[in-house]
Amino acid sequence: MSRGWRKGRVFAACVLAALAAGCASIERQPVPEALVAEATVLGRDHARFWGDEPPKDLVAFVRTHMPNVKRLASNVTLEKGVPVFEYLALSGGADDGAFGAGLLVGWSKRGDRPRFEVVTGVSAGALIAPYAFLGPRYDSLLSELWNNFDASSVVTPQLLAGLLGAEAIADSKPLRSLIAKHVDRKMLGQIAQEYRNGRLLMIGTTNLDAQRHVIWNMGAIAEAAGRDPHAVELFRDVLLASTSVPGIFPPVHIKVRVGDKVFEEMHVDGGPSRQVFLAPPQFSLRTFDSQYPRPPIRRVYVVRNGKLAPVYEAVQPNTLAIGARALFTVTKNQSMGDINLIYAQTERDGAEFRLASIPASFDMHSTKPFDAEYMRALFKVGLDLGARGDAWARTPPEAVTMALR
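The opening position of the sequence shown corresponds to residue 0 in numbering that gives the first Met the number 0, with each subsequent residue numbered one higher.
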């Protein structure tokens, strides 16, 4: 969302949600707390996992959740005879996601964009991630998506319904349709093939009932789509959930099974639990080293779809403006904390760190939600940076080496 609209509307949505909670009438069958850990989708344990829980048995975890990773070693990029393993983590940012999309397209034009073994995405980053995963052949579609939609392509306002107890102040059916248009069976088939080759595409959502970060193994879901039509909808639902800002967009209700009983989880934007992620902090990037004839070079690229530096804005002296500014500040600092966590992981595991973000010099402001003119300008900024190749910082602005074990 645009900076001003994002702050005001998100905070207003939180206030409205609190006021409407007492009169909400939507019925659902949430997973009982005692059964949360047992709930599965598509009958596949490795379709998703908690993003905040260390695996008890790391070898079994990799075997279950990433069964094809060992195949990467036979098709790895070499740099002076040394294997190279590269990651891409894409943050949230709503309409600021145009920056990350442009950056990838410009990087392709430069000619040295790598094939990422692992791609992760949250919120706006989730909409970019499948294209980033499939590589430059999808750049034209990525450009089309981020240069040709506006607010009407994403939401339909329903403020009155929100006041009367609906799940949000906007209906996200337009966004659901947009995702369905772009994420077709052909794309899923190609993602499934890359998954079988060992590569990983992971999307983050927040399980609102459990207050926990969930990482979805999108390659496993795409692979299941070849035999299970429900997997196609699940893939799209995860992308929609990852972009569904609570209070603004309705949550996505995902059917799960425990034994012979069917329940429903409520998933929203991955941002409340992680603004950007690489892997659970307890997971060592060196886990894959044994698959290679010699330890690989590991590079982690993080794209922050937003500005890193503080941005001054005179706050209006009223309740909504003050609360909105505070909420936006919390979110921005949470993002920096998540980036610092990834940096600490790379320091611990001997990986190279790269970070790109919207330049402080970009001073255009959007005038409305999902302002098409603003997104096209921001896409161009990312495009130019990607083509020049000078977008990447080697440390976060507040780099602190943390003791991760």
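By construction, the Cβ of each residue, glycine as well, lies at the ideal position given by its N, Cα and C atoms.
- Under the three-state reduction of DSSP, Lys79 is assigned to coil, being neither helix nor strand.
- From the listed residues Leu87, Lys79, Ala97 and Glu37, the smallest Cα separation to Glu372 is found for Ala97.
- The secondary-structure analysis by DSSP pairs Glu263 across a beta bridge with Pro29 and Lys254.
- With a cut-off of 8 Å on Cβ pairs, the stretch 308-324 is not in contact with the stretch 286-300, counting fewer than three such pairs.
- For Glu397, no beta strand (DSSP E) encloses it, and the DSSP letter there is neither H nor E.
- Our two residues, Asn304 and Gln210, have alpha carbons roughly 24 Å apart in a direct line.
- Annotation for Val257: Leu34, Glu37 and Ala38 place their beta carbon closer than 6 Å to its own, counting only its chain and skipping 5 residues before and after.
- Secondary structure of Gly120 (DSSP, three-state): strand.
- Ala59 is classed as exposed because its beta carbon has fewer than 16 other beta carbons within 10 Å across all chains shown.
- Taking a contact to require three or more Cβ pairs closer than 8 Å, the stretch 219-227 and the stretch 133-141 do not qualify as touching.
- Beta-bridge analysis with DSSP links Leu87 to Val118 and Tyr300.
- A direct Cα-Cα distance of roughly 26 Å separates Asp170 from Ala325.
- According to DSSP, residue pairing for Asn146 in a beta bridge does not occur.
- In the DSSP annotation of this structure, Val182 is not part of any alpha helix (DSSP H), being labelled neither H nor E.
- Rounded to whole angstroms, the Cβ separation of Ala219 and Ala46 is 5 Å, and the two are in contact under 8 Å.
- When rounded, the separation of the alpha-carbon atoms in Asn216 and Gly388 is 30 Å.
- In this chain, the beta strand (DSSP E) harbouring Val213 covers Arg211 to Asn216.
- Asp95 is classed as buried because its beta carbon has at least 16 other beta carbons within 10 Å across all chains shown.
- For Ser142, the closest of Ala386, Lys379, Trp391 and Thr394 by C-alpha to C-alpha distance is Lys379.
- In the DSSP secondary-structure assignment, Ala128 is not bridged to any residue.
- Bounds of the beta strand (DSSP E) holding Met201 are Leu199 to Asn206.
- In this structure, Pro279 places its C-beta atom within 8 Å of the C-beta atom of Glu52.
- Short of 7 Å from the beta carbon of Arg43, and not among the five residues preceding or following it, lie these beta carbons of its own chain, in chain order: Ala219 and Ala223.
- Less than 8 Å divides the Cβ of Gln274 from the Cβ of Asp337.
- Counting C-beta atoms within 10 angstroms of its own C-beta, Ser289 has fewer than 16 neighbours from the protein chains shown and is therefore classed as exposed.
- If you draw a 10 Å sphere on the C-beta of Ser356, you find 16 or more other C-beta atoms in it, and that means buried.
- Between the stretch 66-81 and the stretch 234-245, the count of Cβ pairs shorter than 8 Å is below three; the stretches do not touch.
- In the DSSP assignment, Leu307 falls outside any alpha helix (DSSP H), carrying neither H nor E.
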